[in-house]
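Asks: Take 1 as the starting number for the sequence shown in the working numbering and just add one per residue.
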Amino acid sequence: MTRSAQKIRTVAGIINSIETMEGDGFIVRRPFPKSAFADFDPFLLLDEMGPIDLGPGQATGAPAHPHRGFETVTYLLAGRMEHKDSRGHSGILGPGDVQWMTAGAGVVHSEMPEQEFARQGGRLHGFQLWVNLPKRDKMIPPHYQDIPAEKISTVQSADGLATVKIIAGEAFGARAVIATRTPILYLHFTLRPGAKVLQPAPPEYNALAYLIDGEGEFGADKKQASDGQMVLFSQDGDEIAIAAAPDAQAPLNLLLIAGAPLNEPIARYGPFVMNTEEEIEQAMNDFRSGRMGQIEF
Ligand code: CO
Numbered sequence: 001m002t003r004s005a006q007k008i009r010t011v012a013g014i015i016n017s018i019e020t021m022e023g024d025g026f027i028v029r030r031p032f033p034k035s036a037f038a039d040f041d042p043f044l045l046l047d048e049m050g051p052i053d054l055g056p057g058q059a060t061g062a063p064a065h066p067h068r069g070f071e072t073v074t075y076l077l078a079g080r081m082e083h084k085d086s087r088g089h090s091g092i093l094g095p096g097d098v099q100w101m102t103a104g105a106g107v108v109h110s111e112m113p114e115q116e117f118a119r120q121g122g123r124l125h126g127f128q129l130w131v132n133l134p135k136r137d138k139m140i141p142p143h144y145q146d147i148p149a150e151k152i153s154t155v156q157s158a159d160g161l162a163t164v165k166i167i168a169g170e171a172f173g174a175r176a177v178i179a180t181r182t183p184i185l186y187l188h189f190t191l192r193p194g195a196k197v198l199q200p201a202p203p204e205y206n207a208l209a210y211l212i213d214g215e216g217e218f219g220a221d222k223k224q225a226s227d228g229q230m231v232l233f234s235q236d237g238d239e240i241a242i243a244a245a246p247d248a249q250a251p252l253n254l255l256l257i258a259g260a261p262l263n264e265p266i267a268r269y270g271p272f273v274m275n276t277e278e279e280i281e282q283a284m285n286d287f288r289s290g291r292m293g294q295i296e297f
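1. Name the residue from P33, V107 and A245 whose alpha carbon lies nearest to the alpha carbon of G69.
2. Nearest to R87 by alpha carbon, out of I212, P148 and S110?
3. Take every Cβ of the region 125-135, pair it with every Cβ of the region 38-52, and state whether three or more of those distances are shorter than 8 Å.
4. Give every residue whose Cβ lies closer than 6 Å to any heavy atom of the ligand CO, listed in chain order.
5. Figure out for me which residue from G219, K222, P261 and I295 has the closest Cα to the Cα of N206.
6. Going by the CB atoms, is the gap between A241 and I8 shorter than 8 Å?
7. Between the alpha carbons of M81 and I92, how many angstroms are there, rounded?
8. Three or more beta-carbon pairs under 8 Å between the region 147-154 and the region 173-181, yes or no?
9. Keeping to the same chain, check which residues put their C-beta closer than 6 Å to that of E215; ignore five residues upstream and five downstream.
10. If we ignore side chains and look at the alpha-carbon of each, how far apart do Q249 and A243 end up?
11. Quick one: measure Cβ to Cβ for G67 and P271, integer angstroms, because I've assumed they're closer than 8 Å.
12. Would you check if the distance between the CB atom of T102 and the CB atom of H143 is smaller than 8 Å?
13. So what's G288 in DSSP terms, helix, strand or just coil?
14. Using a Cβ-Cβ cutoff of less than 6 Å, which residues in the same chain neighbour P265 once the five nearest sequence positions on both sides are dropped?
15. Might you give, ordered along the chain, the residues of its own chain that have their beta carbon closer than 6 Å to the beta carbon of D53, omitting 5 neighbours on each side?
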């Protein structure tokens with residue numbers, strides 16, 4: 001038996017981001033969730049913070065708030081953020097660092113600008129992705145994977161025109177250091193003018209590309225998209241094609257995010273994502289009665 005030839009996926013749609021306010025009042029670009037597009041199993045939300053140049057004292061963040069039933073993945077490109085939680089965990093994220101937080105049964109945490117960065121001001125740019133947990137993992141103890149920039153595998157294509165930072169999964173023959181609960185690809189590609197990338201992704205994975213800056217050509221049908229847009233791929237192939245035009249004025253920067261769908265019911269209320277309404281009520285009760293703890297330092 002011979003292996004069938006690879007097939008390049010087509011584009012199912014292109015989605016524009018909305019701008020919305022988060023936390024203490026910072027603007028994010030958000031391709032989803034929005035009314036016409038609530039989730040993209042197993043992904044629940046993608047936010048781009050900035051890029052914004054903040055003056056001294058201008059930086060804001062998200063003070064104490066809970067999460068239960070999913071994971072938050074924070075990836076910073078510029079600026080410094082500080083994280084504290086109800087289990088005594090804290091950490092600082094700088095450019096290129098990733099925090100993969102498995103909220104599981106629940107944490108209360110704060111995500112704030114690091115104090116010195118807030119005092120001085122500067123450029124802030126980053127992403128938060130919410131990854132749903134399967135029913136069997138929703139109530140596991142919370143844990144963190146804090147990965148500094150230098151530990152994120154970075155690989156160049158053979159022709160040197162494309163670079164990938166591998167946050168989760170595999171690309172260009174290399175593998176991420178982060179472990180995921182379900183199969184997920186989270187890749188940050190940079191394509192210089194003329195670069196072409198073919199990234200394997202099993203057909204059952206839902207797959208999206210979010211354009212950070214520049215423009216490019218996507219899928220077997222060569223659809224065009226530009227920064228702030230999200231490209232959704234059809235589940236009709238096992239490879240994702242991305243290209244930057246040879247005469248492009250700037251590199252194309254994008255996140256390629258794909259994962260095996262959970263195909264489980266979703267009950268969602270703000271920072272809680274469970275399978276049933278009863279579980280959401282339980283989460284709200286547990287939070288209100290302090291069973292998710294509080295930040296004590
Ligand atoms: Co949070």
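No residue lacks a Cβ here, since even glycine has one placed at the ideal position from N, Cα and C.
Replies: If we stick to the structure as given:
1. Walking along the sequence shown from the start, residue 69 turns up at place 69. The residue with the shortest Cα to Cα distance from G69 is V107.
2. If you number the sequence shown from 1, residue 87 lands on position 87. It is S110.
3. yes
4. A62, H65, H67, T72, H109 and E111
5. Taking the sequence shown and counting its residues from 1, the one referred to as residue 206 is at position 206. The shortest C-alpha separation from N206 is found at P261.
6. Walking along the sequence shown from the start, residue 8 turns up at place 8. Walking along the sequence shown from the start, residue 241 turns up at place 241. It is a contact, given that the beta carbons lie within the stated cut-off.
7. Position 81 of the sequence shown, counted from the start, is the residue given in the question as residue 81. Position 92 of the sequence shown, counted from the start, is the residue given in the question as residue 92. About 6 Å.
8. yes
9. If you number the sequence shown from 1, residue 215 lands on position 215. Closer than 6 Å at Cβ, skipping near neighbours: S226.
10. In the sequence shown, counting from the first residue as 1, residue 249 sits at position 249. In the sequence shown, counting from the first residue as 1, residue 243 sits at position 243. When rounded, the distance between both Cα atoms is 14 Å.
11. Numbered from its first residue, the sequence shown carries residue 67 at position 67. Numbered from its first residue, the sequence shown carries residue 271 at position 271. The residue you asked about is not Gly; residue 67 is His in the sequence shown. 5 Å between Cβ atoms; contact.
12. Reading the sequence shown from its first residue, position 102 is the one you call residue 102. Reading the sequence shown from its first residue, position 143 is the one you call residue 143. A contact, by the Cβ cut-off of 8 Å.
13. Along the sequence shown, read from residue 1 onward, the residue named residue 288 stands at position 288. The question names Gly, but residue 288 in the sequence shown is Arg. Three-state DSSP puts R288 in a helix.
14. The residue labelled residue 265 in the question sits at position 265 within the sequence shown. The beta carbon of P265 is closer than 6 Å to those of N275 in its chain, skipping five residues each way along the sequence.
15. Indexing the sequence shown from 1 puts residue 53 at position 53. Excluding sequence neighbours, D53 sits near R123.
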